[in-house]
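In this text, residue positions in the sequence shown follow my numbering: the first is 800, and each later residue adds one. Report on the structure given below.
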Amino acid sequence: MRTGLHISRWTAFTVLAFITWSAGANPVEKEAAADPTHAIAMHGEPLYPEGFEHFHYVNPAAPKGGAIVYGATGTFDSLNPFIVRGTSALGLREHVFESLLARGYDEPFTLYGLLAESIEVAGDRSWVAFTLNPEARFSDGEPVTVDDIVYSLETLRDMGRPNYKTYYSKVERMERTGERTIKFIFSPDGDREIPLIIGLMPIIPKHVYEKRDFNAASFQIPIGSGPYVVDKVKPGNSITYRRDTGYWGIDLAVNTGQNNVDLVTYEYFRDTNASFEAFKRGIYHARPEDDPGRWTQNYNFPAVRAGKVRKEAFESGMPSGMYALVFNTRRPVFTDKRVRQALIQLFNFEWVNKNLYYGSYVRTESFFDGSELGSHDRPAGELERELLAPFPDAVTPEIMNLGWHAPEGDVEGQDRKNRARAIAQLKDSGYQIRDGVMTHIETGRPLSFEILVATPGEERLALTYSRMVKRIGVRAEVRNVDPSQYQERRSNYDFDMIFNSWFSSLSPGNEQSFYWGSAAADVPGTRNYMGVKEPAIDAMIDAMLEAETREDFVAAVRAMDRVLLSGAYMIPMFHQPEQWLALWQKVKVPEETSLYGYRSGTWWIDDKLEQ
C-alpha cells in the first residue's frame, strides 16, 4: 500500500494549520495589511517558505513527453466549463484555465502565487490585493492584465454557474492600484475565506471572450493561460490537450514536477463496463476504481498477469465526504421527515457490503468521517450547544449526545427489527399497510417514488434498495437514463431520489452554502439536491466562516454535521478506506502522496515501457 511519506508529517502540521485567526470587520475601515507575500493560508502559516523549489508530492526530475489517455463515462456537448448549460468536456478547468493562485495539496487550504506573483491582505481580511506576474501570458501570446481579472470576475459573477455569483457577489468593488496590481474590497457579508476564493477564480482573456457568447454551450476552442491547449475534439467522444511548449509558467515552483505529459486525452465510453473493457485492452492508461467487486475479482486479465498493469492503493488524510441516496424534499412524498427516517431504517448496509461489495466498504456516519471535524461518536461540547441553542429542534437528542449512528442491519438479510421501526415511523406519519401496499390513510395514495440512476453500479444498488423497501409495501421504481438526461434532470432537481457524492475537506468554507444553504435550494445547478432550507444550517455555516479560534471552527463544523444528519435528508451510504488505482506500466507516480491522495498532474510517462 502506498501511504505517502508526507502524510506522516500531517500530525505535526495540524498544530500550525488551525491556530487562531482574527475576525472580519467593516470593509470601510483602514485595516493594516501584512507585507506582500508569496502565499496565503486559511489558518495559520503556509507550509512552504518564500523561495521554495517544489511541492513535496512531486518528482522535480520527472521527464517531459509521452501521451496518456484517461477514460470517461457518458458524453459532452460543450467546451465551456463555467456555465450551467450543457455538459462540458473533462479537463478544461485543470489544463487550460489558471487562477491567480495555486493550491498546495499537502495542506488543508493554502494558496501560492501563480498568475499573481504576490498577495497582500488586510489584517481583518476585508480586502486583498494581487500583483500579477509580469511574465504571465495566455496561450495566444497576449499578456494577462488587470483588465482580464476584472472581466473574469464580472463575467463569472453575472453569467457563470450559481456558485460564482454566490462567491463573487461578496466583492463590493475592485480598484486598479498599479499597472499589475488589483485590489478587491469586500462587502460586510464577506468572510475570512473570501480572499482565498478570489485567489482561485479562473481567469479568462477579455480580448477573446468579450467577442463570444459566454452563455453558449459551444465547441469554440477555449483560450486560457494554462499549461495545455485544446488540440483535438471529437464532439461527445474525446478531447485531447497538447502541452504548450511555450507555457509561460513552466519554471514556477508550483509547477515544478507537474504537467509532464505532452498529450492528454479523455476518451468517453458508453458505460462503466465498456470503459473497463477498453482499459483492459490498453485504450486508456489510468483507471480509478470504486467497484470492490471489480477491484478484488476482475483485475486478473492478461495485462495484469504479464505485469503490464499494476494495482496501487493510496491513503489520504482527508475526511470521507458523503456518498448518499438523496431525498428531494421539494417532492411531497418526502416533505415529512418521519417518512425519510423510516426509509433510512430500511437500508441494510451490512447485507449490501457483504453480498455486493466483498466487505470492502466502511459505513459513512458523518459528513467528515475520519477527521476531527466529524460528530460521529462525539458528544456535543459546550461551544456546539451554544451555537445550536437558538435552534432547539434542529438536532435530535441522540445525535446531540453521540452523533448519528446508522441502523445496524442483519447480514443475513432478515432485518426484522429495522422493518418494524420503519413501519412504526410511517404509522406516525399517517401510513398503514393495505393489501400489501404502504398507503396514506387520508389520501389513499401509496408510498411510491422513483430513483434516478445513470450507471450500472447505481442501478444495481438502487434495485437492491427497492427490494428492501418493497418488503413493507413501499414501491421504489428505478429509472436508468443516459448521462446527458441525468445531468439535466439533476441540475433542475427533476427527480425523487438520486445518488450523489459530496467531497469534504479539512477546511470547509463557502462551498458549504452551495451544498446546503437555503439560498441555493431553488437555484438550478447548485449541489443542494435535497432542497433543504434550514436556518440552523445557514447559521452554522456563518459561524464556521466567522470563527476566531480553532476550537470555534471545529465546533461550528461539528454542529453543522449534526444538523444535517438530524434532518434525515439522505441515506448515508459508505466509503472506501483508501483510493484504488490501476495503471499501465508506462505511467509513473511520485514516491510521496499528497494529503489529498494521488495527483494525476504529477505523473510522467516512461516511453520505454509502451504496452
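Note that beta-carbon positions come from the ideal geometry of N, C-alpha and C, so glycine has one too.
### Query
Looking at the structure shown, is residue 1133 part of a helix, part of a strand, or coil, going by DSSP?
Helix at residue 1133.
### Query
Can you list, in chain order, the residues of its chain whose CB lies under 7 Å from that of residue 1090, leaving out five sequence neighbours each side?
These residues qualify, in order along the chain: 1256.
### Query
How would you label residue 1080, buried or exposed, when you count the other beta carbons within 10 angstroms and need 16 or more for buried?
Classification of residue 1080: exposed, given that the 10 Å Cβ count is below 16.
### Contacting residues, own chain, Cβ-Cβ under 7 Å from residue 1098 (five flanking each side not counted)
For residue 1098, where only same-chain residues beyond five positions count, the Cβ hits under 7 Å are 1110 and 1381.
### Query
beta strand (DSSP E) containing residue 958: first to last residue?
Note, residue 958: premise wrong, no beta strand (DSSP E); alpha helix (DSSP H) at 945–958.
### residue 1371, DSSP secondary structure in three states
Strand, per DSSP.
### Task
Just mark residue 1025 as buried or exposed, buried being the case when its beta carbon has 16 or more other beta carbons within 10 Å.
Buried: at least 16 other Cβ atoms inside 10 Å.
### Cβ neighbour criterion (16 or more within 10 Å) applied to residue 1021
Burial call: buried.
#### Entry: Residues that DSSP places opposite residue 1066 in a beta bridge
Partner(s): 870 and 1037.
### Option in 911, 881, 860 and 842 with minimal Cα separation from residue 835
Closest by alpha carbon: 911.
### Message
Please classify residue 1217 as buried or exposed, where buried requires at least 16 other C-beta atoms within 10 Å of its C-beta.
### Response
By the neighbour-count criterion, in which a residue is buried when 16 or more other Cβ atoms sit within 10 angstroms of its Cβ, residue 1217 is buried.
#### Entry: N-terminal and C-terminal residue of the beta strand (DSSP E) that residue 917 is part of
Residue 917: member of the beta strand (DSSP E) spanning 915–920, first to last residue.
### Whole-Å CB distance - residue 901 paired with residue 913, under 8 Å assumed
That belief holds up - the Cβ atoms of residue 901 and residue 913 are roughly 4 Å apart, short of 8 Å.
### Query
Would the beta-carbon of residue 873 fall within 7 Å of that of residue 1245?
It is not a contact, given that the beta carbons lie outside the stated cut-off.
### Task
Leaving aside the five residues before and after residue 1119 along the sequence, list all residues of the same chain whose C-beta is less than 6 Å from its C-beta, in chain order.
Same-chain partners within the cutoff: 1163, 1168, 1169 and 1374.
### Task
Use the C-beta contact count for residue 1196: other C-beta atoms within 10 angstroms, 16 or more gives buried, fewer gives exposed.
With fewer than 16 neighbouring CB atoms inside 10 Å of its own CB, residue 1196 falls in the exposed class.
#### Entry: With 16 other Cβ atoms within 10 Å as the buried cut-off, status of residue 1204
Exposed.
### Message
Any beta carbon from chain B within less than 7 Å of residue 1088's own beta carbon?
### Response
In the structure shown, chain B cannot be found, because there is only a single protein chain.
### Query
Would you call residue 828 buried or exposed, if buried means 16 or more other Cβ atoms sit within 10 Å of its Cβ?
Because residue 828 sits at a pLDDT of 41, beneath the cut-off of 50, its placement in the model cannot be relied upon, and the following sentence gives the value as read from the coordinates. Looking at its Cβ environment, which holds fewer than 16 other Cβ atoms inside 10 Å, residue 828 is exposed.
### Query
For residue 1039 versus residue 1031, is the C-beta distance shorter than 7 Å?
Against a cut-off of 7 Å, the Cβ pair of residue 1031 and residue 1039 comes out as a contact.
### Buried or exposed (CB count within 10 angstroms, at least 16 for buried), residue 1134
When all chains shown are included, residue 1134 counts as exposed.
### Task
Using a threshold of 7 Å, state whether the C-beta atoms of residue 938 and residue 1063 are closer than that.
Taking the C-beta atoms as reference points, residue 1063 is found no nearer than 7 Å to residue 938.
### Query
How about residue 1003 and residue 983: do their beta carbons lie closer than 7 Å?
Not a contact, by the Cβ cut-off of 7 Å.
### Message
Using 7 Å as the threshold, is the C-beta distance between residue 1261 and residue 1280 below it?
### Response
Cβ atoms of residue 1261 and residue 1280: not closer than 7 Å.
### Query
Which one of 1303, 1302, 1284 and 1301 has the shortest CA to CA distance from residue 1294?
Checked all of 1303, 1302, 1284 and 1301; the closest Cα to residue 1294 is 1284.
#### Entry: Distance between residue 919 and residue 974 (C-alpha atoms, nearest Å)
Computed Cα separation, rounded: 14 Å.
### Message
the ligand SAH and residue 1227: does any heavy atom of the ligand fall closer than 6 Å to the residue's C-beta?
### Response
Looking at this structure, you won't find the ligand SAH or any other ligand, since it has none at all.
### Task
Compare the beta carbon distance of residue 1083 and residue 1036 with 7 Å and say whether it is the shorter of the two.
The answer is no: Cβ separation not under 7 Å.
### Limits of the unbroken beta strand (DSSP E) element including residue 1298
From DSSP, the beta strand (DSSP E) with residue 1298 extends over 1296–1301.
### Task
Express the C-alpha separation of residue 849 and residue 1049 in angstroms, rounding to a whole number.
Using only the alpha carbons, I get a separation of about 18 Å.
#### Entry: For residue 1378, the residue or residues it bridges with in DSSP
In the DSSP output, where bridge partners are listed per residue, residue 1378 has 1113.
### Query
In the structure shown, what three-state DSSP assignment does residue 1385 receive?
Residue 1385 falls in the coil class under three-state DSSP.
### Query
Per DSSP, which one or two residues make a beta bridge with residue 930?
According to DSSP, residue pairing for residue 930 in a beta bridge involves 917 and 980.
### Query
Taking the continuous alpha helix (DSSP H) assigned at residue 1087, which residues delimit it?
Here residue 1087 belongs to no alpha helix (DSSP H); instead the beta strand (DSSP E) covers 1085–1088.
### Message
Can you tell me whether residue 1104 is buried or exposed? The criterion is at least 16 other CB atoms within 10 Å of its CB, across all chains shown.
### Response
Residue 1104 is exposed by the Cβ-count criterion.
### Task
Taking all protein chains shown into account, decide if residue 1001 is buried (16 or more other Cβ within 10 angstroms of its Cβ) or exposed.
So residue 1001 ends up on the buried side.
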